[in-house]
Structures are given as structure tokens and as C-alpha cells.
Amino acid sequence: MGGLNLHGRLAINGVQNIVNPSNALEVNLKNKRLVELELYWKVDHIPDDPRKEKKVLENLHPSAHLEHLTIGSYCGTQFPSWIFDNSLSNLVFLRLEDCKYCLCLPSFGVLSSLKTLEITGFDGIVSIGAEFCGSSSSSFLSLERLEFENMKEWEEWECKTTSFPRLQHLSIYECPKLKGLSIPKQIMLPSLTELHIVECPRVEMFPDGGLPSNVKHVSLSSLKLIASLRETDTCLESLSIRKVDVECFPDEI
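Sequence positions in the sequence shown follow our numbering and run 896 to 1148.
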């Protein structure tokens, strides 16, 4: 593949079969004008050396032309720096799925062009903190869609810096241990219009009092508690609630 003049889209399955990381370097992705790249490890692969897995991925560094990146079943415990150092300055879509050995999320907030971020199946993540945002003054400048799914051990999300200025869609699915959402409603999510939280039985919906005033579409299912939803605080156009224990609810919506 190193000698091929590749353009457009490339998908590589069975990355775990790359025994020597130097073989990944010979693919020379950094000098190919790819717009979309998908890298998949075998779903049930058990790594002998997570450091080797990281080195393989490090050597599959794509060029700055890349716009869409999907990584599936990666077996390293950490991601190489090219995923979060903004060397992929044109990246608008990033999906990471079933990376079960990763212990922390990189500073995705520094990806200046990123519009969609999907994170699913990270069994090793317990807490997401300030490192997720990176620089508080310029994090997630372009992000419009953020999705978390099937995060079995995720317990808390502490994000107290001013971030997500353009986020319109936030979805959190199947995170059974997640407790609360420590996200100030006006400061952090000034552009949010859609909110979906499903199968998160320990979540308390915005316990500081209501939803961000700009939210129009809300879908809630299998939550422990909903804080007050005041008609004056919201401009709801659609509201779906299933299997929810309600502690406080408005007289009228």
C-alpha cells in the first residue's frame, strides 16, 4: 500500500495482524490525500502488548486532508498524539467505538474543525474531566453533535469550563453508572436544541433547575430523576418521556 497513490476513502480491517509497527509506517498514510479513513481491530482481540498497539496506530498517522475518521476496537490503553493535537486540522467527523482498553479520553476539545464526535463502548472510562476539553478558552469551537453510548463504567462527567459554544445535539445512551450531569445549563450549552438521555438510571436531569432555555427537542428514558422543567425556562417543541421516576414536574408544559 505504501506505493499506492490513494485518494478518497480507505478502510483497513484486522489491524491487529500488523505484528511489526514499522510495517504500519510503510503504508505511508501521512502522504496520501485521504478524506475518509476507517481502522478496525478484531472485536474480541486480546492484546499481548498495548504499547505495540499504540505504536501501530501512531504509525498509521493520516494526512491533514482527512475529514472523517473512524477507529473501532482499538486495543491500546492510550491514543497517539496525532488524534488530539490538531494536526488533523480539517477533521470534521470522529467516531471511536469499542476501544475497551482505553483508560482516559484525549483532549478532543483542541480539534478546531470537529463537528461530530461519537464515543461508544469505552469500558475502561470511569470519569471524564477537564482534560477532555483541553484549553478552556478555545475548546470544541466547531462541535455541533456529541454522542456517548454504551459506557458501562462511566460514573461522572465534570466539565466546568466554558465549552461547547456551538453544540446543538447531545445524546447519552446506555451509561448505567453515570450520576448527574455537572454541566451549567446556560454557560456550557448556549446552542443546544436536542437532548437525548436513554438508559441512564442514575442520571439526575439538570438538578440545578431546568433545561437550557434554547432546547427544543428532548427525549428521556429510564432515568432516576427529573429536576424541575419550568415552562418559562424552555421553548420545547417535542418532549418524549418513558420509564422515568419523576420527583418534580411543572404544572403545565
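Yeah, the Cβ is synthetic: ideal placement off N, Cα and C, and Gly gets one too.
Between the C-alpha atoms of S1033 and V1005 there is a straight-line separation of about 7 angstroms. With contacts defined as CB atoms closer than 8 angstroms, G1019 and N1045 fail to qualify as a contacting pair. Each of P975, S1007, V1098 was checked against the Cα of R946, and the nearest Cα belongs to P975. Within the same chain, Cβ atoms closer than 6 angstroms to the Cβ of E948 are found at P942, C970, G971, the five residues on either side in sequence being excluded. When the five nearest sequence neighbours on each side are left out, the beta carbons in the same chain lying within less than 8 angstroms of the beta carbon of K1074 are those of E1050, E1051, R1097, V1098, E1099, in order along the chain.
Distance between L961 and C1130, taken at the CA atoms: about 38 angstroms.
Secondary structure of G903 (DSSP, three-state): strand. By the neighbour-count criterion, in which 16 or more other beta carbons inside 10 Å mark a residue as buried, L998 falls on the exposed side. Within a 10 Å sphere around the beta-carbon of L1087 sit 16 or more other beta-carbons, which makes this residue buried.
Taking C-beta separations shorter than 6 angstroms and ignoring five residues to either side along the sequence, the partners of F1027 in its chain run L1000, following chain order.
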